[in-house]
Amino acid sequence: MDILTELAQVLEQRKGQDPQKSYVAGLYAKGLDTILKKIGEEATETVMAAKDGAPEKIVHEVADLWFHSLVLLAHQGLGPDQVLAELQRRFGLSGLEEKAARTP
40 MDILTELAQV LEQRKGQDPQ KSYVAGLYAK GLDTILKKIG EEATETVMAA
90 KDGAPEKIVH EVADLWFHSL VLLAHQGLGP DQVLAELQRR FGLSGLEEKA
140 ARTP
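Residues in the sequence shown are numbered consecutively from 40, following this note's numbering.
Structure, rendered in structure tokens:
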């Protein structure tokens, strides 16, 4: 089992836990806007780390961004498998071709 699958399972389990005892359960309890705010914060911190150019900071912030993105997916009833399937679908397409094929 890979780490994304394991993490997705843990995030699902956290849905039923006490928000006072679980950070993730607290995010779920606060709702979508709070989760989206965290993703925005982590995206900004990722950009700032990249601008600083420190590899360990970049890795740390991208891990936070990915984590909170996985929380969003779980909150919406989705998981990493759907994202990986979409990336697989795009594999071998140029970015320009993929973008042109999107429906408005």
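Don't be surprised by glycine CBs; every beta carbon is placed ideally from N, CA and C.
It should be emphasised that the depicted structure is a prediction, and the values quoted were computed from it without experimental measurement.
**Q.** Residue interval of the alpha helix (DSSP H) (run including SER108)
**A.** 94–114
Q: Quick one: using the 10 Å Cβ neighbour count with 16 as the cut-off for buried, is PRO94 buried or exposed?
A: exposed
Q: Would you tell me roughly how many angstroms separate the C-alpha atoms of ALA88 and ILE78, rounded to the nearest one?
A: 15 Å
Q.
Quick check: LEU126 and GLY118, are their CB atoms within less than 9 Å of each other?
A. no
**Q.** For LEU109 and ALA64, believed in contact at Cβ under 8 Å, the rounded distance
**A.** Not quite, the Cβ-Cβ distance comes to about 14 Å (not below 8 Å), so this is no contact.
**Q.** C-beta contact flag for VAL58 and LYS76 at 9 Å
**A.** Checking the sequence, you will find Pro at residue 58 rather than Val. No, they are not a contact pair.
Q. Counting along the chain, where does the alpha helix (DSSP H) carrying LEU117 start and finish?
A. Premise fails: LEU117 is in no alpha helix (DSSP H) and is neither H nor E.
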